[in-house]
Each structure stands twice: as C-alpha cells, then as structure tokens.
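Order-wise, the sequence lines are chains H and B. full-length UniProt numbering applies: residue 1 is where the first sequence begins, and numbers increase by one. full-length UniProt numbering applies: residue 1 is where the second sequence begins, and numbers increase by one. First up is the structure itself, then whatever we jot down about it.
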Amino acid sequence: MSWDKSIKESVKWYDNMEVEKYEYTVGPAGEEFFKGLKQGKIIGCKCSKCGKIYIPARAYCENCFAKIDNYVEIKKEEAYVDSYTIIYKDDEGRQLDKPIYIAMIRFPNTVGGLLCYAEGNVRVGGKAKITSFDWPLRVIVE
Amino acid sequence: MKVNLYLNKRVAIIGAGLTLFRRRLLETPQEIAWEAASKALEEAGLELKDIDCVVIGSAPDAFDGVHLKGEYLSHGSGGIRKPVSRVYVGGATGVMTAIAGWYHVASGLCQKVLAVAEEKMSPARPHPQSVFKYIWDPILEKPLNPNLIWIFAMEMHRYMSKYGIKKEEIALVSVKNKRNALNNPYAQLGANITVDDVLNSEVLVWPVQLLDVSPVSDGGAAIVLASEDVARRYTDTPVWVEGVGWTLDNTEWPARDLSYARYVEFAARMAYKIAGIERPNKEIDVVEPYDPFDYKELHHLEALQLAKRGEAPTLLKEGVFDIDGDIPSSPSGGLLGVGNPIAAAGLMKVISIYWQLKGTAGKMQVKRPVHTGLAQAWGDLMQAGTVIVLRN
Ligand SMILES: [Zn+2]
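Spelled out as structure tokens, the structure:
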C-alpha cells in the first residue's frame, strides 16, 4: 500500500487549537516609550550604574541588572539606517504592487534599535527622518 | 528505583526573590522575571556578573503568548551571554527549576546559578484555560471539549468515593491556606473564609467549586544556588538542598489510579533516598505540597508518605497540618491563597521552605523550630511529580 493510499484511507480528525486573542501589556517603561511617540519624541533610558542608553526605554539594564527609571529623550534627527531589507511578496506569496522597504534604524551611542517602514533613498548608513510616529514608525531616508 | 548517590558538590540556596502574585500585572514577562531575579541576587549578596549560568522555568509558551519563551525570558532572567537552559514539565516546572539549578552545581559544572520561574497568565483571551485545549489526545478526548477542571473533578471524585471523604473535609484545605496567606505579603487571595463559604461557592465542574480552586495569576520567583564553599563565603545561614526527585508517570491519564498520586510518591522516594530520610512523617518539619486545588494538597500529603492513604483529611481535621501543628503544610498560603502563576507558584513553594529554614519567613514563620522541609509540585496531565528536600 502506498503512502498516499494509506493516508487517504486512514481515519482523520480535524480541529483547531487557537486562543481567541492575546492582550499584551508593554510594561511601565514601554508606556513611557509609547507616550513619547504620541508627542513626536523617541524616549530611551539611561542606566545610572553602567551608563548605557537603551532604545526603546526599558525597566532594567540587561548588562548590570540595575533598575532603570531615568528616561531620556533621544535626538531623533541623529537616526540612521543600520540595515534594511526589501519585501516583494506578502505572506501568502502574492506579488506586491510596490516593494516594501523595512529598515532597522539606530541612534549614535545607544543600545537597541527600531524596525520601521522606510522610503526615499534607502541605504545603509543613510540619515533617517521619522515621518510618522504611529506604530510601526515610518521614515524617509535622505 | 535506582539513584546514583555520587554527587560532586553539596548545594545550598543562598538567596530568593518573589514578585507580588496578582491577577494582572502591568509589567511584561521579562520585567516580572527581572524583578524576582534581581531580588534573589540582592538577598544572596551577588551581582549578575558573579552568576555562572541561568536556569529558567516556565509552563506553556501559550500563557504569555510568546513562543520560545525560555529564550524570551532569558533577557530578564540574567541569561544574556551566559549558558541558559529552560525546563518545562507543566505544573511541576517550578520545583523542577530548582532541581535543574541544583544539578548544575551538584555536578560540579557551575558554582553559582540563578534559577528563575515566571508565568504571565493574563494575556490570553477569553481565559488562559483555552491554552489547555492543546494538551488532550486529539481524537480520544478532544471531541468532548474537556478542560483541565474536568479531569481534576474526575480525580477528586474518585479520591472522595474511594475513602469516603466528604467535601466539607476537603474544603478545610482552602480555609487553612487562604488563612495562612493573610500572613504572606506577596499573596493575592489571603482571607478568612469558612467551610460553608467553600460549599456555597459556584459549582464549576461538579464536585469542583470556585473556592476549591487557586486563582489565575501573574508572577515571578527566583533563587540563587551555590556550591558549599561559595555558600559559606556569602552567608552564615545556607539552606542545603539535601534531596531531589522527579518522575514522569504514564502520560495517558485514563491509565492511572485517580485516587493516588503515584508520580509524586516515586519522586518523593527518590528525594528521601538521597536525603537519607527513612520516616518522612517523623523527619519532615514543614511541607509545601502543591495545591492548585484543595483536594490536591491532601492527595500529595499522602503520596509524600506524610499521611496514610485516605487519612490526610483526618490529620488535617486534627490540626496536624496547621501553622502550629506537627507538620505545618502550606504555611505560605499555597497556590490557593498566594496565587497560581504556574511555574512561579512551584518555585514560590521552594522559597517558602527556604525562608522557613532560614528563619526569615516573618509572619509566615511556623511556631515550632524547623530543620527539614519539603516542597513539591505536580503537573502535565497529572503525571509529573517533582520534590525537593531542604535542611538548615
Ligand atoms: Zn547598566
């Protein structure tokens, strides 16, 4: 008996196993970050023990494990493209009318980065100007 | 059962930390893990850089809603750029987290281990119970659309009918544990309730009623384990891990005796053998048996050989398991009183015993002097048992 045949003749049972949905919280530091976006600001935080500046803001330092509650505004005009990719198909495999550029932007002397939609002259090292602070962010690269 | 008794290093717990156990915490799972882990380091007097490796315990990824949850939690658990492993044996995970931390040290591989357990039960909608849709035999059981309370109802009923135990007798566990939780600053549901309150509470799945069940919670727990030489440098009051045991029984739950927790007995016998305990009911001074349901504490006390089969309810009525009794049971308030963030709840039980033996349990401290204590957890489809014996 072939594999196909045995599969066709076997007893099968169909079901699904999904939770309806999840409600995630962003935590206290995440709330500072998202509040900042509403005002057009990028909020990070600075570890008072080791001095590292994290983006986005977080509640603790992964490096020295200290609690962080020192939120700092990051100079958004210093954002640059660390890397980017171009998406040609949607997740069903259909060709997109226009390719989508996704960039990882970073800020000098900080730890972390932000993924955003990018347009303009997208290139590694290019200066990125944030054009929309709705999440996910959008940038235009000079 | 054969146990290789050759152990390279004696292991102590030298620090512990807990978050509040609450129905919904604002903090992310990583932040919950961090709070518990940083408190444990602080109590141990260590910094993250002193830690050799990290063990993480967490139950299904689907609770927090993040797959590869061990990796995700390593960020808040101090695991970045360190050897990290995650253990997961359902509800038995919390005590297994301590055991896994122990064998990293006992083997001689590491000297200082941070073991962290976290669970955030609140993100799943409409209820985390739906996460358990995943765990049944897809054909033999799933078409009945069972939930976990069903099988515990089945187990509770079998236990009651085999030994002629009444619901009033079982309800006393809930009364005791919620009362004990009033003394626990981390607890979610400490209360003075009566047997009648339990018997009059909403019937969920007969014979299980609302106050027979532990609440859904978010929370984190962490301990620091160290080898003997390190432990003696950092504390005058190390609490030694004297025995550990873990067992997985047949995973087909219809294939087991529902009235007796054999998986816990086997785990306990392994731990007693390593610890050199021959008469547990005379040698264990304080115990934290796993109590997601009230009858489960009785079930586990019997499997731990602290009561004869079917006799735990009688000893409970006589006050043996009260905070001032011969063998205080769940002095923390247990899952019924403190809350049940699955993996964190099991490790909370280990921490409760650790603080009792250290003498720092505050208002939870049992009245009699204590030297040997035991924490136990249980999980999966009623087949995983984990046991740890501590001594001061
Ligand atoms: Zn730092």
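Quick reminder that beta carbons are idealized off the backbone N, C-alpha and C, glycines included. Model, not experiment: these values are computed from the prediction.
- Chain-order list of chain B residues neighbouring residue 139 of chain H: empty, with the shortest C-beta distance near 26 Å, by a criterion of under 7 Å.
- For residue 95 of chain H, the pairing in a beta bridge is given by DSSP as H:89.
- For residue 159 of chain B, the number of other beta carbons within 10 angstroms of its own is at least 16, and it is reported as buried.
- Contact between the segment 334 to 341 of chain B and the segment 285 to 300 of chain B is established, with three or more Cβ pairs separated by less than 8 Å.
- Residue 389 of chain B is positioned such that its CB atom lies no closer than 8 Å to that of residue 169 of chain B.
- Pairwise C-beta distances place the segment 176 to 194 of chain B out of contact with the segment 278 to 286 of chain B, as fewer than three of them are shorter than 8 Å.
- Any heavy atom of ligand 1 within less than 6 Å of a residue's beta carbon puts that residue on the list, which reads H:47, H:49, H:50, H:52, H:61, H:63, H:64, H:66.
- Counting only runs of at least 4 residues, the segment 186 to 269 of chain B fully encloses the following alpha helix (DSSP H) elements, listed from N- to C-terminal order: 195 to 199, 228 to 234.
- Chain order gives the chain H residues near residue 78 of chain B as 65, where near means a beta carbon separation below 7 Å.
- Interface criterion met: the Cβ of residue 28 of chain B is under 8 Å from a Cβ in chain H.
- The shortest CA-to-CA distance from residue 42 of chain H to any of H:29, H:94, H:23 is the one to H:29.
- In the displayed model, residue 102 of chain H falls within a strand according to three-state DSSP.
- Annotation: residue 54 of chain H has no Cβ neighbours in chain B at a cutoff of 8 Å; minimum Cβ distance is about 12 Å.
- Chain-order list of chain H residues neighbouring residue 34 of chain B: 59, 60, 65, by C-beta distance under 8 Å.
- At least 8 Å separates the CB of residue 313 of chain B from every CB of chain H.
- Contact check between the segment 103 to 112 of chain H and the segment 73 to 92 of chain H: three or more CB pairs, one atom from each, fall below 8 Å, which counts as touching.
- Cβ neighbours of residue 367 of chain B within its own chain (closer than 6 Å, five residues either side excluded): 324.
- Put simply, of B:309, B:182, B:209 the residue whose alpha carbon is nearest the alpha carbon of residue 195 of chain B is B:209.
- Going by DSSP, residue 332 of chain B is part of no alpha helix (DSSP H) at all; its letter is neither H nor E.
- Against chain B, a Cβ distance below 7 Å from residue 35 of chain H picks out nothing, because the smallest value is about 14 Å.
- At the C-beta level, residue 309 of chain B and residue 318 of chain B stay beyond 8 Å of one another.
- If you look at residue 117 of chain H, you'll find it in the beta strand (DSSP E) that goes 114 to 120.
- If you look at residue 74 of chain B, you'll find it isn't in any beta strand (DSSP E); it sits in the alpha helix (DSSP H) that goes 69 to 74.
- About 7 Å separates the Cβ atoms of residue 91 of chain B and residue 346 of chain B, confirming a contact at the 8 Å cut-off.
- Residue burial is scored here from C-beta neighbours: residue 371 of chain B has fewer than 16 other C-beta atoms within 10 angstroms and is therefore classed as exposed.
- Ranked by how close their Cα comes to the Cα of residue 173 of chain B, the residues B:157, B:42, B:193 have B:193 in first place.
- Closest by C-alpha distance to residue 110 of chain B, out of B:117, B:135, B:102, is B:102.
- Within the segment 17 to 33 of chain H, contact with chain B at the beta-carbon level (separation under 9 Å) is assigned to 17, 18, 19, 20, 21, 22, 23, 24, 25, 26, 27, 28, 29, 30, 31.
- Neighbours of residue 131 of chain B in chain H, taken as residues at a C-beta separation under 8 Å, are given in chain order as 19.
- Taking a contact to require three or more Cβ pairs closer than 8 Å, the segment 223 to 231 of chain B and the segment 11 to 27 of chain B qualify as touching.
- Annotated three-state conformation of residue 89 of chain B is strand, per DSSP.
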